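Notes follow the structure.
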Amino acid sequence: MTEAVLKTAADAQAYALAGRAKVTLRSSVSGQHYSYKIKQAEEGVYRYFVSLLHTGDEWTYIGQITENGFGLTRQSKLSFDAPSVKAFAYFVDQVIARQRIPAHLEVRHSGSCGRCGRELTHPESIDSGIGPECARITRTTPSRPRSGTVARFRLEPSAS
Ligand SMILES: [Zn+2]
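Numbered by our numbering, the letters in the sequence shown go through residues 4 to 163 in order.
Here is the structure:
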């Protein structure tokens, strides 16, 4: 798989919200990095379930992205104290809500199409993280929060 850096906020956002994205966030300052799966709950619905990769191939559910931004839910296995959760909330706030990639943040895709999960081979697709067929479809699908929406890090009351 050809993993690659997403260079523009538009590409990073389109990839992250394509439906079956696997994103790696890396700080070029600390070298720290985390990988996440961002799975759309339902086609055409602005709700995405976010899981964090642990060692190996084990994923932990951490929260969801809605039009209100990234938030934890009762099923979240981690809190906002976790650096991996903070990093993801920062990504949603900066890249998805504000449409910018901070200089020290690297956003990488996994080398497979963010929408269908097939391996990317075309150079243009490796730049955008979305295969040619899926790119035609996602271009016509709105994939950003409604204008004026700003990410808020809402913490729902815990079940305890
Ligand atoms: Zn695809």
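No residue lacks a Cβ here, since even glycine has one placed at the ideal position from N, Cα and C.
Every value quoted in this text rests on a predicted model; they were computed, and no experiment measured them.
Quick one: Cα of residue i to Cα of residue j, how far?
i: C119; j: C137; result: 7 Å
i: A2; j: G47; result: There is no way to answer for residue 2, as the model of the chain reaches only from 4 to 163.
i: L56; j: S87; result: 10 Å
i: V32; j: F52; result: 28 Å
i: V17; j: G134; result: It is worth fixing the name first, because residue 17 is Ala in this sequence and not Val. A17 and G134: Cα-Cα distance of roughly 12 Å.
i: A164; j: A90; result: Because the chain here runs from 4 to 163, residue 164 falls outside it and cannot be looked at.
i: G34; j: L28; result: 10 Å
i: M4; j: A24; result: 14 Å
i: Q43; j: K80; result: 19 Å
i: T58; j: E127; result: 30 Å
i: S30; j: D60; result: 22 Å
i: P145; j: L108; result: Since pLDDT at P145 reaches only 48, below the 50 mark, its modelled position is unreliable, and no value is offered.
Could you name the residues of the same chain whose beta carbon sits closer than 8 Å to that of residue i, not counting the 5 residues immediately before and after it, in chain order?
i: F156; result: With a pLDDT of 43 at F156, under the threshold of 50, the predicted position of this residue should be treated as unreliable, though the coordinate-derived value follows. If we look at F156 and ignore the five residues flanking it on each side, its Cβ neighbours are G72, F73, G74, F83, A92, D96.
Checking 8 Å against the spacing of the C-beta atoms, do residue i and residue j come in under that value?
i: V26; j: H112; result: yes
i: Y49; j: T69; result: yes
i: E122; j: G114; result: yes
i: I129; j: A7; result: yes
Give me, in chain order, the residues of the same chain whose beta-carbon lies closer than 7 Å to that of residue i; leave out the 5 immediate sequence neighbours on both sides.
i: A15; result: L9, V98, I104, V110
i: S54; result: Y39, K40, W62, T63, Y64, I65
i: Q78; result: Y64
i: G151; result: Because G151 sits at a pLDDT of 40, beneath the cut-off of 50, its placement in the model cannot be relied upon, and the point is left open.
i: P160; result: With a pLDDT of only 43 at P160, under 50, the local geometry of the prediction cannot be trusted, and the value read off the model is given with reservation. Cβ within range, chain order: n/a, list empty.
Please determine, among the options, the residue with the shortest C-alpha to C-alpha distance to residue i.
i: W62; options: Y37, R50, A100; result: Y37
i: Q67; options: I41, G132, G59; result: I41
By Cβ distance below 6 Å, which residues in the same chain neighbour residue i in space, the five residues on each side in sequence not counted?
i: S163; result: Residue confidence for S163 is low, a pLDDT of 41 falling below 50, so the modelled location carries little weight; the figure read from the coordinates is stated next. Closer than 6 Å at Cβ, skipping near neighbours: no residue.
i: Q102; result: A12
i: F94; result: L28
i: A85; result: none
i: G117; result: Y18, A21, A24, G132, I133
Would you check whether ligand 2 has a heavy atom nearer than 7 Å to the C-beta of residue i?
i: E127; result: Questions concerning ligand 2 fall outside what the structure shown contains, since the ligands it does hold are ligand 1.
*Kindly provide the ranges of any beta strand (DSSP E) runs that are 3 or more residues long and lie completely inside the region 66-119, ordered along the chain.*
72-74, 108-112
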